[in-house]
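Beneath this line is the structure, given in structure tokens, with notes to follow.
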Amino acid sequence: MRIAIAGGTVITPLDIFEGADILIDDGKVAAVGPGLADSDVARTIDAGGRIVAPGYIDVHTHGSAGHDTMDATREAVEGMATFFAAHGVTSFCPTTLTQAHEDIMASVCAVYECQEKPIEGGAQPLGVHLEGPYIEAGKKGAQPEEHVRNASVGDYKDLFSLGNIRLITFAPEIEQNKELIGFARSRGAAAVVGHSAATYEQMVEAVNLGINHATHTFNQMEGLHHRKPGTVGGVLLLREIYAEFIADGVHLHPAVVDMIVRLKGPEKALLITDAISGAGMPDGDYELGGQKIVVKEGAVRLADGTLAGSALTMDQAVRNVRRFTGRPLSECIQMATLTPARSIGVADRKGSLERGKDADVVILDQDLNVASTMVMGEVVYQA
Ligand SMILES: [Zn+2]
Numbered sequence: 011m012r013i014a015i016a017g018g019t020v021i022t023p024l025d026i027f028e029g030a031d032i033l034i035d036d037g038k039v040a041a042v043g044p045g046l047a048d049s050d051v052a053r054t055i056d057a058g059g060r061i062v063a064p065g066y067i068d069v070h071t072h073g074s075a076g077h078d079t080m081d082a083t084r085e086a087v088e089g090m091a092t093f094f095a096a097h098g099v100t101s102f103c104p105t106t107l108t109q110a111h112e113d114i115m116a117s118v119c120a121v122y123e124c125q126e127k128p129i130e131g132g133a134q135p136l137g138v139h140l141e142g143p144y145i146e147a148g149k150k151g152a153q154p155e156e157h158v159r160n161a162s163v164g165d166y167k168d169l170f171s172l173g174n175i176r177l178i179t180f181a182p183e184i185e186q187n188k189e190l191i192g193f194a195r196s197r198g199a200a201a202v203v204g205h206s207a208a209t210y211e212q213m214v215e216a217v218n219l220g221i222n223h224a225t226h227t228f229n230q231m232e233g234l235h236h237r238k239p240g241t242v243g244g245v246l247l248l249r250e251i252y253a254e255f256i257a258d259g260v261h262l263h264p265a266v267v268d269m270i271v272r273l274k275g276p277e278k279a280l281l282i283t284d285a286i287s288g289a290g291m292p293d294g295d296y297e298l299g300g301q302k303i304v305v306k307e308g309a310v311r312l313a314d315g316t317l318a319g320s321a322l323t324m325d326q327a328v329r330n331v332r333r334f335t336g337r338p339l340s341e342c343i344q345m346a347t348l349t350p351a352r353s354i355g356v357a358d359r360k361g362s363l364e365r366g367k368d369a370d371v372v373i374l375d376q377d378l379n380v381a382s383t384m385v386m387g388e389v390v391y392q393a
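Positions 11 to 393 (this note's numbering) are the ones given, in order, by the sequence shown.
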């Protein structure tokens, strides 16, 4: 079926077309340009001068709306998918926690089932982000320490056996974890430094072995010192690395967000939420991997005050990064669309509004509030 989205400011995001239309055929973008809506289409959606952008892609999110990836159920992934669609997200990587092997495996299987039999009316999971368990205990943050361990070949081969691991976050400076770098890359996954105490020199070595992505830059990694550039120095300076960051105004000072974007550029810096089940829920007590967490005034913390993920949404992240950095809107959208798509190797079909790519679209008002969200040419959310 051919449909058109007519009369919007289309941000592809590398180009901007004022008063343009998008022609969608069988769930794919067929053309972008003026006057397309006049052609033979079954339905025309009037964008009414609003912003038309690629759907947002969140590669690091644990949960939302009371659901958690570690619930390991279709219902949980569906609940997240519906909530995310209302915030402009069209695809996401459900993210696991440092837990027992069989519990992580169960979550990987649940996500796999949602990929095999797609979710209706929501964002689509693109595969799993494994956060841990092979991390540095001293940088655990809210990852439960009793489950922190070094890589075991049998276990990670098991986790990768279904072929749907998109990213794995671990501490690459730990000797037993080093082989995992090449293994993950050979399976098409991003090899991600995070919850790590790597020195700058260890970061150089890790990048030479294939590390190409960083989990929530600055948070739970060895900081920047002028004589010890640390993990952060490596993430900011080594060009191979895609750098995730949490633009909630809590995890990072707005000036530090600006610093990350200036150093990495919109082609290597990407917005994530790191949201947890309490995102989209009232302030109160929730649970993360068997630990009590408190959601209060936009921040999520363990009882001892440690930040434990966020209550951020992708639409808010885009609004925040624009405010924090003053960068052009197209760059802010790029950091939520094309850059995350490239970072996980799906830019051949996701992340931009170009002929032949999936028709994953978000329509935004001038304040970047979500008016409607479309996945593969189907409207899944309308404000
Ligand atoms: Zn996380």
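Yeah, the Cβ is synthetic: ideal placement off N, Cα and C, and Gly gets one too.
Contact test: residue i Cβ vs ligand 1 heavy atom, cutoff 8 Å
i, result
"T323", "no"
"H72", "yes"
"H261", "no"
"H77", "no"
"D284", "yes"
"G299", "no"
"G137", "no"
"T225", "yes"
"G319", "yes"
"T105", "yes"
"E146", "no"
"E141", "yes"
Buried/exposed call for residue i, threshold 16 Cβ in 10 Å
i, result
"M11", "exposed"
"D36", "exposed"
"V245", "buried"
"C342", "buried"
"N218", "exposed"
"P276", "buried"
"A147", "exposed"
"P143", "buried"
"D284", "buried"
"H235", "exposed"
"A152", "buried"
"K149", "buried"
"S353", "buried"
"P135", "buried"
"D31", "buried"
"A47", "buried"
"K167", "exposed"
Where residue i sits in the DSSP three-state scheme
i, result
"K188", "helix"
"Q134", "strand"
"F27", "strand"
"G290", "coil"
"F193", "helix"
"K367", "coil"
"D358", "coil"
"K302", "strand"
"S206", "strand"
"R84", "helix"
"P350", "helix"
"F102", "strand"
"K167", "helix"
"D38", "Strictly speaking, residue 38 in this sequence is Lys, with Asp absent from that position. Reduced to three states, the DSSP call for K38 is strand."
"Y144", "coil"
"S340", "helix"
"D258", "coil"
"Q109", "coil"
"E388", "strand"
"V69", "strand"
"M269", "helix"
"T310", "A quick correction: the sequence has Val, not Thr, at residue 310. Note: V310 maps to strand in three-state DSSP."
"F228", "coil"
"G243", "helix"
"D78", "strand"
Under 9 Å between C-beta atoms of residue i and residue j
i, j, result
"T54", "I15", "yes"
"T227", "I270", "yes"
"M213", "V203", "yes"
"T241", "T179", "no"
"I13", "G387", "yes"
"L339", "R333", "no"
"H205", "Y252", "no"
"V385", "S101", "yes"
C-beta neighbour in chain B for residue i, strict 9 Å
i, result
"D325", "Structure shown: chain B not included; a single protein chain is present."
(request) For the segment 126-138 and the segment 157-168, state whether three or more C-beta atom pairs, one from each stretch, are separated by less than 8 Å. (result) no
(message) Within 8 Å, do at least three Cβ pairs link the segment 66-83 to the segment 30-46?
(response) no
(request) Please confirm if the segment 304-323 is in contact with the segment 250-267, defined as three or more CB-CB distances below 8 Å between the two stretches. (result) The segment 304-323 is in contact with the segment 250-267.
(message) Below 8 Å, how does it come out for the segment 95-108 and the segment 304-314: are there three or more Cβ pairs, yes or no?
(response) no
(message) Any contact between the segment 168-185 and the segment 111-125? By contact I mean 3 or more CB pairs, one from each, below 8 Å.
(response) yes
(message) Quick check: the segment 372-379 against the segment 54-64, are at least 3 beta-carbon pairs closer than 8 Å?
(response) Short answer: they touch.
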